[in-house]
Amino acid sequence: MSLTNEKIKEKLVGKFGDQVGNFEESFGMLSFSAPKDMNLKVLQFLYDEPDLSFRFLTDLCAVHYPDKHDAELEVVYHLHNLKDNVRLRFRVSTPVSNPDVFTATKLFESANWMERETYDFYGVNFLGHPNLVRILNVDEMDYFPMRKEFPLEDQTRIDKDDDMFGR
Amino acid sequence: MPRPVRFNINADVKLVKEGPEGYMGEGFFATGFDKVVGLARKNSIWPLPFATSCCGIEFMATMGSHYDLARFGSERVGFSPRQCDLLMVMGTIAKKMGPVVKQVYLQMAEPRWVIAVGACASSGGIFDTYSVLQGIDQVVPVDVYVPGCPPRPEAILDGVMKIQDLVGKEELRRRTSERYKGLLESYGIQ
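Quick mapping for you: the protein sequence lines, in order, are chains A and B.
Note that the working numbering has the first sequence beginning at 1, numbered continuously upward.
Note that the working numbering has the second sequence beginning at 1001, numbered continuously upward.
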């Protein structure tokens, strides 16, 4: 019997109770969230449970919601069950004043560079990461570009007309 | 039996467009040293293609047989800066790549020229963003800019011909002059 979204939801609620919430289904893919202190426990459960066995971390990224106070940065894990071909999205929120999240590198090796990229662009501090430095941007950059408060354009240009570019 | 020549019979084709001025006599031709050196240099430029993105593909087309760059003397493209005269920067240069371009430029021996091919190398192009270097003239001195996104191979050839003009007319002492040294100082190159 195949792994359906209802079954995943039952198992998660059965194990973690009401700490997992926000179950949504978009385009057939189940998505849920949990408090950030539990992220490793949830990932470990999804990894170990023989029925679930979400052993492949497809993507790890972050989203910045400037309007959600105390939950601005959201780290999103995309997991994949290779045996039953089922995908899952797991989200964890953190406030921007204290953006600490436990690292998933001990469980998934691929999380190493993906967490470096998330740190580089959003400033999410992953606790326990072996080498949390900037990976794609210049090392001397002192801001986090993908956060919504920073401008997209390069600020060193002096020849662009401000009116035409909406500044 | 040889076939008769069918093409290019009436065209006025000269091997060298025009020679340098000088005094011609029976068996000798006297002209300025810088003119001869310039003529020799400009018709045998060895380019170093620093092709990063789409403009690099246009360069590949320029080196192909239709828009041949080899007929201008650039038959041998070298990928080692130690052996090349012309650094052709083609494509978007990220801020992280800036020191690399500078290092490649520093490894070239004098006389060296730089051509910025395409909008991204000239000024950042459409990528006015935190990660793209807004023009390579922020890190190396550039001689010719070729606009276009990407420039057509004919435009790249036009840029190379302008470089040839610059090379042909360059005076011999330019690289040791104060003004050139000042230019390099402004880029932080000793």
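All C-beta atoms, glycine included, are put in the ideal place defined by N, C-alpha and C.
Small disclaimer: the values here were computed from a predicted structure and weren't measured.
- Within the segment 1018–1079 of chain B, the complete beta strand (DSSP E) runs of at least 3 residues fall at 1022–1025, 1028–1031 and 1047–1051.
- Boundaries of the beta strand (DSSP E) around B:Ala1116: Trp1113 to Val1117.
- For B:Gly1168, the secondary structure class from DSSP, reduced to helix, strand or coil, is helix.
- Using a Cβ distance threshold of 7 Å, B:Gly1073 and B:Ile1093 do not count as a contacting pair.
- Under the three-state reduction of DSSP output, A:Cys61 falls in the strand class.
- Within the segment 130–159 of chain A, the residues whose Cβ lies closer than 7 Å to some Cβ of chain B are Asn137, Val138, Pro145, Leu152, Glu153, Asp154, Thr156 and Arg157, listed in chain order.
- Using a 10 angstroms sphere on the CB of A:Lys36, the tally of other CB atoms reaches 16 or more, which defines it as buried.
- Pairing B:Met1060 with B:Leu1069 gives a Cβ-Cβ distance that is not under 7 Å.
- In the three-state DSSP reduction, B:Ser1123 falls in the helix class (H, G or I).
- Distance from the Cα of A:Met38 is smallest, within the candidate group A:Leu132, A:Val96 and A:Arg91, for A:Arg91.
- Residue environment analysis places A:Lys83 among the exposed positions, since fewer than 16 neighbouring C-beta atoms fall within 10 angstroms of its C-beta.
- Look at B:Gln1103: its C-beta is not under 7 Å from any C-beta on chain A.
- Within 9 Å of the CB of B:Thr1052, no CB atom of chain A is found; the nearest one sits about 16 Å away.
- If you compare the alpha carbons of B:Glu1171, B:Tyr1187, B:Ile1156 and B:Arg1175 with that of B:Gly1056, the shortest gap goes to B:Ile1156.
- DSSP, read as helix, strand or coil, puts B:Tyr1187 in coil.
- For A:Asp100, DSSP records a beta bridge to A:Asn125.
- The three-state secondary structure of A:Val75, taken from DSSP, is strand.
- Only buried fits A:His129, as 16 or more other CB atoms lie within 10 angstroms of its CB.
- A residue is called buried when at least 16 other Cβ atoms come within 10 angstroms of its Cβ; B:Gly1118 meets this threshold and is buried.
- The residue among A:Tyr47, A:Phe16, A:Leu46 and A:Glu149 with its C-alpha nearest the C-alpha of A:Asp67 is A:Glu149.
- B:Cys1084 and B:Gly1125 have their C-alpha atoms roughly 27 Å apart.
- Rounded to the nearest whole angstrom, the C-alpha separation of A:Ile135 and B:Val1132 is 15 Å.
- Annotated three-state conformation of A:Leu152 is coil, per DSSP.
- Burial check for B:Cys1149: the Cβ neighbour count within 10 Å stays below 16, so the residue is exposed.
- Setting aside the 5 residues that flank it on each side, A:Asp120 is surrounded in the same chain by Arg134, Ile135, Leu136 and Asn137, each with a C-beta closer than 6 Å to its C-beta; the list follows chain order.
- Inclusion of B:Tyr1187 and A:Pro145 in the CB contact set at 7 Å is not warranted, their separation being larger than that value.
- Not flagged as an interface residue toward chain A: B:Asp1137, since no C-beta distance is shorter than 7 Å.
- Between the segment 19–29 of chain A and the segment 52–61 of chain A there are fewer than three inter-stretch CB-CB distances shorter than 8 Å, so the stretches are not counted as touching.
- Nearest to A:Glu6 by C-alpha distance, out of A:Val124, A:Gln155 and A:Val86, is A:Val86.
- The C-alpha of B:Ile1009 is placed about 22 Å away from the C-alpha of B:Tyr1067.
- DSSP places B:Val1101 within a helical segment (H, G or I) once states are collapsed to three.
- In this structure, the alpha-carbon of A:Ser110 lies about 56 Å from that of B:Lys1169.
- Contact annotation: in the segment 1122–1153 of chain B, residues whose CB is within less than 8 Å of a CB in chain A are Gly1124, Asp1128, Thr1129, Tyr1130, Ser1131, Val1132 and Gln1134.
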